[in-house]
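Okay, so here's the structure we're looking at.
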Amino acid sequence: MNPVMTALRAGWSRGLIELRQSFTNAQDLFGQLFWPVVLLVTLFFMRGAQVPTGGMVLGAMVLPSLLGMNIIFYGMLAIAQLLTVEREDGTLLRAKAIPNGMLGYLFGKLVTVSGGLIINVVILLIAGSFFVDGLAVPGVGSWLMLAGVLVLGMVATLPLGAVFGALITNPRSLGLLMLPMMGLVAISGIFYPITALAPWLQWLAQVFPIYWLALGMRSAMLPDGAAAAEIGQSWRHLETIGVLGAWAIVGLILAPIVLRRMARRESGSSVAERREKAMQRVG
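Residue numbers are given in full-length UniProt numbering: position 188 of the sequence shown equals residue 188, and the series is strictly consecutive.
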């Protein structure tokens, strides 16, 4: 059997096992459900407000935006955290010692994170639809658009999460990644129309994928009239595909290079050194 296919099959099995364990272990289950519950509570308090432009209910606009934001926060941060933590405890070193072990390991993590992300999106979509009015009646085109944005968003963000996970050497430094991401949330039209911001902030937000993920989700779930609150009063489908596709290409090019470099630098002595530092912090 092809060794690459063997590694991918092993990664697939490992990813499914880890995904199942994350929903059967109380601590992991809390971590899986905490973020969707926080977003649903936020959505509940927004359900009655109105958007000044377009006459939309704010909650209806925010729900699809939260789905797009969730792809960034859950997908990117989850895989970055897994890589940094498991590099520190020696899991990556053990995977490196097996032929094609790194390939199987990374594919397994992608399966785990992608599966958890899809479950999170389903939870938000189903539970959130009970809180807000004004969503478009789901049709085949809407479901296809939602699924397409979800898949393209994962391809655009998961490799970037792997890059950050490979570059960040200390799990406690992941908090530094949250600061710029929260800043992007503030200017990307997640909780209010982006057209209310200064033009230069609008241009800055459009450089990064979070705005386009939220826009793509809104285009799939909101009626056509809601586009009046968007830039150019349009859903800009081609631009969404173009920007997310560009980020996907960047991530897919950078991730293998950065991860191979990280794997080459892993050794028993480096793992022992990190473990010793961790024990000193605990002591």
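Glycine is no exception: its CB is placed at the ideal position from the N, C-alpha and C atoms.
### Task
Closer than 7 Å by C-beta to Val140: which residues in its own chain qualify, once you throw out the five before and the five after it? Chain order, please.
Excluding sequence neighbours, Val140 sits near nothing in its chain.
### Message
What would DSSP say about Val155, mapped onto helix, strand or coil?
### Response
Annotated three-state conformation of Val155 is helix, per DSSP.
### Task
Determine the closest residue to Ala7 out of Leu43, Leu103, Val85, with distance taken between C-alpha atoms.
Of the candidates Leu43, Leu103, Val85, the one whose C-alpha sits nearest the C-alpha of Ala7 is Leu103.
### Query
Mind checking whether the beta-carbon of Leu83 lies closer than 7 Å to any heavy atom of the ligand ADP?
Looking at this structure, you won't find the ligand ADP or any other ligand, since it has none at all.
### Outcome for Ser188 when other beta-carbon atoms lying within 10 angstroms are tallied against a minimum of 16
Burial call: buried.
### Task
Just the C-alpha distance for Pro99 and Arg260, rounded to the nearest angstrom, thanks.
Those two C-alpha atoms are separated by around 14 Å.
### Task
Quick one: residues in its chain with C-beta nearer than 7 Å to the C-beta of Leu125, no 5 flanking neighbours on either side, listed in chain order?
Leu67, listed in sequence order.
#### Entry: Cβ pair Pro159, Ala255 closer than 8 Å
With contacts defined by Cβ atoms closer than 8 Å, Pro159 and Ala255 form a contacting pair.
### Task
Buried or exposed for Phe130, please, with buried defined as at least 16 other CB atoms from any protein chain shown within 10 angstroms of its CB.
The residue is exposed, with fewer than 16 neighbouring Cβ atoms inside 10 Å.
### Message
Using only the alpha-carbon positions, how far apart do Gly161 and Gly101 sit?
### Response
Roughly 20 Å between the two C-alpha positions.
### Task
Alpha carbon to alpha carbon, how far is Val122 from Ser65? Give it in angstroms, no decimals.
Between Ser65 and Val122, the C-alpha separation is close to 14 Å.
### Task
Inspect the beta-carbon positions of Ala248 and Gly165 and report whether they are closer than 8 Å.
Contact: no.
### Alpha-carbon spacing of Ile118 relative to Leu197, whole angstroms
So the alpha carbons of these two residues sit roughly 31 Å apart.
### Query
Taking the continuous alpha helix (DSSP H) assigned at Thr182, which residues delimit it?
The amino acid occupying residue 182 in the given sequence is Met; Thr does not appear at that position. Here the alpha helix (DSSP H) through Met182 covers 175-187.
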